[in-house]
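Some notes on the structure that comes next.
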Amino acid sequence: MQRDRVTVAIYAHFVGWAWLIYGFSPAVPLLAAELGITKAQAGLHGTAMALGTFSTAFLSPGLANRFGRRRTMLLGSLVITVGVGTLVTGDSLALTLPGAFVTSLGGSLWISAAQPALAVHHHEASAAAVSEANGVGALFGLLSPLAVGGAVAIGWGWRPAVAVTIVLAAVAAVLLARLPSRGALGRPEAPVPAVDALPAAPARSATSARSAVPARSAVPARPAPGRFPRLLWHFWLGLVAVVAIENATTFWAADLIVTRTGAGPGAATGAVAGLIAGMCVSRFVAGPLSLRRAPEKLLLVAFAIAALGWLVLWTTTSAAVAVVGLVVMGLGYGAQYPLSVSLVLRASAGRPDGAQALATMGTGAAIAVAPFALGAAADQVGSHTAFVLVPLLIGCGAAAVLAGLRLAHRQTRS
132 MQRDRVTVAI
142 YAHFVGWAWL
152 IYGFSPAVPL
162 LAAELGITKA
172 QAGLHGTAMA
182 LGTFSTAFLS
192 PGLANRFGRR
202 RTMLLGSLVI
212 TVGVGTLVTG
222 DSLALTLPGA
232 FVTSLGGSLW
242 ISAAQPALAV
252 HHHEASAAAV
262 SEANGVGALF
272 GLLSPLAVGG
282 AVAIGWGWRP
292 AVAVTIVLAA
302 VAAVLLARLP
312 SRGALGRPEA
322 PVPAVDALPA
332 APARSATSAR
342 SAVPARSAVP
352 ARPAPGRFPR
362 LLWHFWLGLV
372 AVVAIENATT
382 FWAADLIVTR
392 TGAGPGAATG
402 AVAGLIAGMC
412 VSRFVAGPLS
422 LRRAPEKLLL
432 VAFAIAALGW
442 LVLWTTTSAA
452 VAVVGLVVMG
462 LGYGAQYPLS
472 VSLVLRASAG
482 RPDGAQALAT
492 MGTGAAIAVA
502 PFALGAAADQ
512 VGSHTAFVLV
522 PLLIGCGAAA
532 VLAGLRLAHR
542 QTRS
């Protein structure tokens, strides 16, 4: 896979977004204590971010078609700068909630243009490119909760660490502005009709070829024009579950560690870096593996690893063991999102920007519901019991992906 100037510029946007997500999400309990609000009210920041993400689903295809992916990402840099500025200077829900909304709107514009651009730019290696991009983001995002925890420990609070996102947005914009708006960074090509199978997978070994996704010619049936393949919707449901799992955990894992182990808020927030560390490792490993193994099966393995990590975290009362559980969860979580979204994009039958819009809508719905639901449940039954939501979501995601894999195999035999 070639890592040229286009790839590096796109990766920079993943870095900025990962810093924001992995820094602000574990800071939500700190924000709740600072503003004197309940966990459910604090969880509304996730809902506000979801509304921003959901709004992007309606905006991004039109922006990409009219202005190209490069200009869409540059617009995202401007929007996220305004959003983060509002978020870190707000001293009430009336300011922090709109700040979270605008921040998410800008970040989602980044990702909604960046992921299709990577898919187009790297063709058969799209799954590896998307995984690596998320891995690079996680590598830098690993430092974000540590920065938040350190800033809290020395009395600065969480806001200066989150404000670093503005600097990273400026760097990403400079790198991208130097490139022309053509190819993967230009306007999308005309979409091709959807079919009930994925585009042909890249050549694999004889062992992995048996589990590869079928090529278009394997299934003659075509849905109505403008509709996506049925296979896409299975992977889309898996993606929704994946996003819900990750956001519920990043928002409330620190609170669980505080209540179960007695760790201080700063230390518990910093401990979330264990989750990001696992995700970082997983994403760099998942990318190359996806070139040799069926990504659907890798995704199922990732769900199993995540469930094991949750069990370790949920049953321990030791802060050190909790960090181990978070690392194991991260090893599962890290592969889940890039594999899920690459499967959705690959199932689009030549319409990656439209599929990305659907993925963005699903992402928004998951972010809207999961952190708020877990926070509201924690207000009623405590963080420990509320965290049972996570394995339930893992099971739902695995079931959706398994159903998609079985559908692909049936299409191959027909």
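Quick note on numbering: the sequence shown equals residues 132 to 545 in this note's numbering.
We put the CB at the ideal spot given by N, CA and C, even for glycine.
### Message
I need the DSSP call for I285, collapsed to helix, strand or coil.
### Response
coil
#### Entry: Proximal residues to A394 (C-beta, below 6 Å), its chain only, five neighbours per side dropped
I388 and A450
### Query
Between which two residues does the alpha helix (DSSP H) carrying P483 extend?
P483 to V512
### DSSP three-state assignment for F232, whether helix, strand or coil
helix
### Message
Pop quiz: L249 and V210 are said to be a contact at Cβ under 8 Å. What is the actual Cβ separation, rounded to whole angstroms?
### Response
Incorrect: roughly 21 Å between the Cβ atoms, too far for contact.
#### Entry: Best match in I407, R200 and V432 for proximity to A530 [C-alpha to C-alpha]
V432
### Query
Is it a yes or a no for the segment 462-481 touching the segment 402-413, going by three-plus beta-carbon pairs under 8 Å?
yes
### Query
alpha helix (DSSP H) containing R134: first to last residue?
Careful: R134 lies outside any alpha helix (DSSP H) and carries neither H nor E.
### Message
Which runs of the alpha helix (DSSP H) at least 4 residues long sit entirely within the segment 445-469? Give them in chain order.
### Response
none
### Task
Output the residue ranges of the alpha helix (DSSP H) runs that lie fully inside the segment 370-432 and measure 4 residues or longer, sorted by chain position.
396-402 and 404-421
### Query
Is it buried or exposed for W367, if we count other Cβ within 10 angstroms and need 16 for buried?
buried
### Task
Compute the distance between the beta-carbons of G154 and G272, then report whether it is under 9 Å.
yes
### Query
Under 9 Å, do M204 and L161 count as touching if we go by C-beta distance?
no
### Task
Round the Cβ separation of F503 and T220 to the nearest angstrom and send it over; I've been treating them as touching at under 8 Å.
About 24 Å; that fails the 8 Å criterion.
### Task
Have a look at A372 and A171 and give me their C-alpha separation to the nearest angstrom.
20 Å
### Message
Just to confirm the assignment, what range does the alpha helix (DSSP H) spanning I211 have?
### Response
R200 to T220
### Task
Decide yes or no for the touch test of the segment 303-312 against the segment 189-202: beta carbon pairs closer than 8 Å, at least 3 of them.
yes
### Task
Give the secondary structure of R537 by DSSP, where H, G and I count as helix, E and B as strand, and everything else as coil.
helix
### Message
Measuring straight from C-alpha to C-alpha, what distance separates G401 and A385?
### Response
8 Å
### Task
Check G167 in the structure and name its three-state DSSP category.
coil
#### Entry: CA-to-CA distance, F145 to R136, given in whole angstroms
15 Å
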